[in-house]
Structures are given as C-alpha cells and as structure tokens.
Amino acid sequence: MYNSIINTLNEMPETSLKSTSHLLYTIRYLYRKNKDQIIFSYIQNKAYQYISNSFYKSGKSLKNLTHQNKQLKQNVKKLQQSKDHIIHKVQQLNGSVVQLKCKQHQYISQIHAIAKHLPELKANDMKAVIKNLIMQNNKEYNLEFIKLITQVSQIEQTSFATVVTSIKTIFNFLTGNNT
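Those letters in the sequence shown? Residues 15 to 193, by this note's numbering.
Now the structure itself:
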C-alpha cells in the first residue's frame with residue numbers, strides 16, 4: 015500500500031505534487047485526539063464521485079461543448095427576439111388604450127358641454143311643437159295623428175267620437191287651450 019502511494023507520487027508531474035501535498039494536509043485532522051488521522055472517508059468518496067462525474071463525463075469534449083454553447087446562444091437570441099416582439103406589442107396596445115381613453119374623455123366632455131348649453135324649452139315652444147305634430151293646419155289634423163286615433167279606438171272597442179273627445183281634451187291640456 016505504501017509503495018503504491020510512493021509510485022503514484024513519483025509518476026505525478028512536479029506541478030501536481032504541490033496541490034497533492036495541500037490535499038493531504040487538508041483532509042486530516044489538525045487537533046485533539048484524532049490528530050493526523052484522515053477526515054471521513056465518506057466525504058472523500060463523495061468528492062471523488064463528484065469530480066469523476068463532472069470532469070470525466072463522456073461527451074464533454076471541447077467540440078461538443080462548443081456546439082452546445084452555440085445552440086444555447088441561438089436559443090437565447092430567439093428568446094430575446096420574442097421578448098422584444100412582445101414588448102413592442104404591449105407598447106402598441108398601451109398606446110391604443112391611451113388613445114381610446116383620450117377619445118372617450120373627449121366624447122364625455124362634448125356631451126357635458128352640449129348638456130350645459132341646451133336651450134331652455136319655453137311653454138310656447140312646446141305648444142308649437144305639439145301643435146305641429148297633431149295639426150296639419152289650423153283646421154285639419156295630421157295623417158299620422160289620425161292613424162294614432164284609429165289605433166287607440168280599436169284597443170278597447172270604444173267609439174270613435176269618445177276617442178276624438180279624449181284626444182281633443184289631451185290636446186287642449188298640452189297646448190294650454192281651454193276651449
């Protein structure tokens with residue numbers, strides 16, 4: 015056993031001997047009753063497994079690693095382009111939302127302005143509007159108003175004369191005539 019260690023050390027290059035010496039120094043206890051004994055062989059085995067699995071894996075050649083690196087860079091580039099495209103779309107949508115909000119605000123402002131400046135409807139104006147809807151001239155009723163009277167008279171089979179009287183009463187009430 016001792017000879018195998020000596021042979022291994024003799025085969026090592028000069029640059030590796032210094033790090034080997036450091037390794038031997040760090041894996042042993044430095045104080046107390048276990049002084050100069052090797053620290054847990056379990057930890058040594060785990061370190062050896064980690065090193066052999068990560069550094070000496072098959073397929074980890076320089077060519078494979080460069081190819082894998084190239085593919086990863088391409089993926090990063092595609093993802094960056096996709097991200098930029100999505101950011102551009104979001105900015106466009108935000109601009110559209112802002113424009114629509116401005117238009118909505120303008121429409122609401124216009125409605126408020128129109129509502130504030132509505133002309134007051136006077137009683138005489140209202141009478142004239144109602145009279146124009148009902149009367150064609152001072153003596154004849156409008157055709158649409160006559161159709162309305164006919165439809166009302168057919169609702170509950172009331173007489174035409176009763177409907178005319180009712181409509182005249184409503185007309186006089188709306189226009190303010192008491193005759």
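Beta carbons: idealized from backbone N, C-alpha and C, even for Gly.
Between the alpha carbons of residue i and residue j, how many angstroms are there, rounded?
| i | j | result |
| --- | --- | --- |
| residue 106 | residue 124 | 27 Å |
| residue 46 | residue 18 | 29 Å |
| residue 64 | residue 58 | 10 Å |
| residue 4 | residue 163 | The structure shown does not extend to residue 4, since the chain spans only 15 to 193, so no value can be given for it. |
| residue 143 | residue 179 | 21 Å |
| residue 130 | residue 157 | 36 Å |
| residue 44 | residue 31 | 21 Å |
| residue 181 | residue 153 | 15 Å |
| residue 103 | residue 83 | 30 Å |
| residue 108 | residue 114 | 10 Å |
Hey, could you find the ends of the alpha helix (DSSP H) residue i is sitting in?
| i | result |
| --- | --- |
| residue 21 | 16-25 |
| residue 173 | First-last for residue 173: undefined, no H or E at that position. |
| residue 50 | No alpha helix (DSSP H) holds residue 50; DSSP gives it neither H nor E. |
| residue 41 | That residue, residue 41, is in no alpha helix (DSSP H); it is neither H nor E in DSSP. |
| residue 123 | 76-130 |
Comparing C-alpha positions only, which one of the options sits nearest to residue i?
| i | options | result |
| --- | --- | --- |
| residue 148 | 96, 184, 67 and 90 | 184 |
| residue 186 | 75, 141, 160 and 85 | 141 |
What distance in whole Å lies between the Cβ atoms of residue j and residue i, which are believed to be in contact at a cut-off of 8 Å?
| i | j | result |
| --- | --- | --- |
| residue 23 | residue 40 | Wrong, their Cβ atoms sit about 17 Å apart, outside the cutoff. |
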